[in-house]
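In the numbering used here, the protein residues as written are 242 to 872.
Positions of the beta carbon are idealized from the N, C-alpha and C atoms, including for glycine.
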């Protein structure tokens, strides 16, 4: 087996030479097998490689994040020179993102830069495997959050285990991309230290900021060392004697509500799903299913954002979804994608992709400017002109998280189970899919998210009977999100039309998928037609912040009114739900967007009204914005 195929298997959670009882019942098609050629996502992947990763690396050098490793390695002399003890992870996340990018866009210069950083990281690692510059630089006077001894302050904020988790994710990604074990060996040495220090009869400490659990599962899959899987489960099971801020108020299997810091929460729920997929722990699955129900029914913003409370960057009470003060951290949106993705892999229900797609097109990419070099940390649904994108942050988790997430987007499009191919996202692209012994080339032709026509050309190597399960988005079935938190004010009774080779076919919807079962031959074409009228949306009456207001949606995109496009104050405008709204594409606006136009009232005056996709706001300076409009 060649190196590329081995790495593809790694990404698909199926490792060469490693077997175990079980894993996710549904297997992702790795992003290395999917080539995007659309005008929406492909430019974003290229921009991430050409702009975002380089400026993030530059910032790591400028702000001292690289110097911290040089100081710990004694290559240079100096004191820990950044603000937070988790600043090491920005470098790890950039290495992870750059590694993903290298797999689809080989770049020897970028690869050499990673080699240099990995050399510094290796030199900064202590002989027993410990790697944490906030202590190693000056062990007698570590960062104030770190505590006098290793690990003991982790539940309170040292972030030592958080750093380890991002190291592991970067190490596996780098190994997959390059075949080099330089960073993987560093990670193995560090993970072996954790196995020696933590566990039954050893340190009984839970991570204050979760992600080491996800990282350890990746290390287990990459190395076959069961100790890593066992430790991931230990870090989950040892919780229960702490605060709800970091989800340690109860045993994880007893938790039924989303509480505390939203990023920590979604990383923990994702880690629980990873462990459960391999161990078969039904208690984990029951817990994260219950928590998911709490989020989608009570705590999910219409943009897919989560975490309404600024002070804790986390979840508030049920139905408490203020717009002006909404926090909705970009990292939390990414965590929401991770979690819903894993729930799909466990259950095979399209409702998880309804949340994932909403979050992806709205709550995630709103966090990065159209130029790829300015960022949002919080993503509110309303502004009085007090929000502006930043080139960097003291706490830079969001920019570096975007670096690692964006290149992986093609990997969310397809999955397989037995003789079934799941089609989850609609992007103009070509995919190479292994289905048993057969190989299928599946090409999508579409202008999604602007248009609702998607054509799939299926070219199996051998004509064979198998199923193609095409997701029918909830928004195309009069349900914007699972549950009753949001509803369409105007019903659209347009049918979802599916054709095979130009002829309309009847289909059965199973768990949100139109399942087409036949003998497929080269050149067969599936046509999917989704109606994309402008939809007005109302919130559950218990959401006081949205009372007497409507939001606008078209296809998967949430819209907002912004100051440059409307003559009066956004907050003075009101819409009449009986007055029709139209949409049109403007290539010269905001890198090309479909806008919504109509009439709005301001007092007794009627004004022209325009709304743009929410993800594109704050790219023309500071000013007013609102997702929820008075009516």
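- Residue 269 is bridged by DSSP to 656.
- Between the alpha carbons of residue 782 and residue 812 lies a gap of roughly 21 Å.
- The residues 590, 591, 592, 594, 595, 712, 713 and 715, in chain order, have a CB closer than 8 Å to that of residue 753 in the same chain once the five nearest residues on each side in sequence are set aside.
- The continuous beta strand (DSSP E) containing residue 707 extends over residues 705-712.
- For residue 376, the enclosing alpha helix (DSSP H) begins and ends at 374-377.
- Residue 851 sits in a strand when the DSSP states are folded into three classes.
- Assigned with DSSP and collapsed to three states, residue 700 falls in strand.
- For the 9 Å CB-CB criterion, residue 675 and residue 708 do not form a contact.
- The stretch 318-335 and the stretch 628-642 touch, with no fewer than 3 CB-CB distances between them shorter than 8 Å.
- Excluding sequence positions up to five before and after residue 564, its CB lies within less than 7 Å of the CB of 621, 622, 623, 786, 868 and 869, all in the same chain and listed in chain order.
- Separation of residue 431 and residue 371 (C-alpha to C-alpha, rounded to the nearest whole angstrom) is 6 Å.
- Taken through DSSP and simplified to helix, strand or coil, residue 415 comes out as helix.
- Scanning the stretch 743-812 from its first residue to its last, the whole beta strand (DSSP E) runs of 3-plus residues come out as 749-751, 754-761, 765-770, 776-780, 790-795 and 798-803.
- Straight-line measurement puts the Cα of residue 486 at about 17 Å from the Cα of residue 494.
- With respect to the 9 Å criterion, residue 516 and residue 473 are classified as neighbours on the basis of their beta carbons.
- Per DSSP, the unbroken alpha helix (DSSP H) holding residue 578 starts and ends at 571-588.
- In this structure residue 828 is exposed. Its beta-carbon is surrounded by fewer than 16 other beta-carbon atoms within 10 angstroms.
- The beta carbon of residue 598 is closer than 6 Å to those of 797 in its chain, skipping five residues each way along the sequence.
- With fewer than 16 other Cβ atoms from the protein chains shown falling within 10 Å of its own Cβ, residue 820 counts as exposed.
- Secondary structure at residue 502: strand, using DSSP grouped into helix, strand and coil.
- The three-state reading of DSSP puts residue 663 in strand, counting E and B together.
- Taking a contact to require three or more Cβ pairs closer than 8 Å, the stretch 658-666 and the stretch 287-304 do not qualify as touching.
- DSSP places residue 687 within a strand segment (E or B) once states are collapsed to three.
- Cβ-Cβ distances below 7 Å link residue 631 to 615 and 616 in the same chain, with the five nearest sequence neighbours on each side left out; the list follows chain order.
- Within the same chain, and ignoring the five residues on either side of residue 363 in sequence, the residues whose Cβ sits closer than 6 Å to its Cβ are 427.
- Straight-line measurement puts the Cα of residue 310 at about 19 Å from the Cα of residue 434.
- Judged by their CB atoms, residue 439 and residue 691 are not nearer to each other than the 9 Å cut-off.
- Just measuring C-alpha positions, the residue of 531, 374 and 625 sitting nearest residue 581 is 531.
- Within the model, the alpha-carbon separation for residue 778 versus residue 484 is close to 36 Å.
- In the DSSP annotation of this structure, residue 839 is not part of any alpha helix (DSSP H); the continuous beta strand (DSSP E) holding it starts and ends at 834-843.
- DSSP, read as helix, strand or coil, puts residue 475 in helix.
- Within the same chain, and ignoring the five residues on either side of residue 572 in sequence, the residues whose Cβ sits closer than 7 Å to its Cβ are 504, 638, 639 and 642.
- A Cβ-Cβ distance of about 18 Å is found for the pair residue 289 and residue 669, leaving them out of contact under the 8 Å criterion.
- Going by beta carbons, residue 268 and residue 657 fall inside the 9 Å limit.
- Contact annotation: the stretch 405-414 touches the stretch 440-460, with at least three C-beta pairs closer than 8 Å.
- The alpha-carbon separation between residue 720 and residue 332 amounts to approximately 40 Å.
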